[in-house]
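Enquirer: I am attaching a structure below and will ask some questions about it afterwards.
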Amino acid sequence: MTQLTAPPEAVDGAQLSKLSVSIRGKLQFMDYLVRAAVADVERFQDEPDPGTRIFIKQLVEMHTANLRQESQNLRAIADLCNMLDAMVQTPQEQPYSSGDPS
């Protein structure tokens, strides 16, 4: 059974912890890539030397390529949301036979 189709009782703390750590790592890496790309663009704009500008441009292209790749790999967030939803689901309550809840 996959994580997405597993009943709530099959989802344990270890799975949740592993997925959470993975997501936090991906988000931290993406944060680094965004900051690096923005800083390098600022350096590129201020750099007068053509050779250095070429090097900085390549850095920006590398950061943006990695950022695009990482953004495509964020299916783990959907998996985490599904897992968390499954963990808080309760079985359907049975309707009262007489219609009176007391």
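Following our numbering, the numbering of the sequence shown begins with 8 at its first residue and continues without gaps. We put the beta carbon where it would ideally sit given N, CA and C, even for glycine. Please read all numbers here as calculations on a predicted model, not as lab measurements.
Taking only runs that begin and end inside the region 10-78, name each unbroken alpha helix (DSSP H) of 4 or more residues, in chain order.
Expert: Qualifying alpha helix (DSSP H) stretches, in chain order: 20-53.
Enquirer: Who are the Cβ neighbours of residue 29 in its own chain at under 6 Å, not counting the five residues just before and after it?
Expert: Result list for residue 29: 83, in chain order.
Enquirer: Mark residue 61 as exposed unless 16 or more other C-beta atoms lie within 10 angstroms of its C-beta, in which case mark it buried.
Expert: Flag for residue 61 reads exposed.
Enquirer: Looking at the unbroken alpha helix (DSSP H) that takes in residue 91, where does it start and where does it end?
Expert: Run containing residue 91: 82-95, per the alpha helix (DSSP H) assignment.
Enquirer: Assign residue 47 to one of two classes, buried (16 or more other C-beta atoms within 10 Å of its C-beta) or exposed (fewer than that).
Expert: Classification for residue 47: buried.
Enquirer: Quick check: the Cα distance between residue 66 and residue 26, rounded to an integer number of angstroms?
Expert: Their Cα atoms are separated by approximately 30 Å.
Enquirer: Determine the closest residue to residue 38 out of 54, 78 and 49, with distance taken between C-alpha atoms.
Expert: Considering only alpha carbons, the answer is 78.
Enquirer: Assuming residue 40 and residue 74 make a contact with CB atoms under 8 Å, what is their CB distance in whole Å?
Expert: Right, the Cβ-Cβ distance comes to about 4 Å (below 8 Å), so this counts as a contact.
Enquirer: Would you please state the rounded distance, in angstroms, between the beta carbons of residue 44 and residue 71? I believe it to be under 8 Å.
Expert: About 6 Å separates the two Cβ atoms, so the contact holds.
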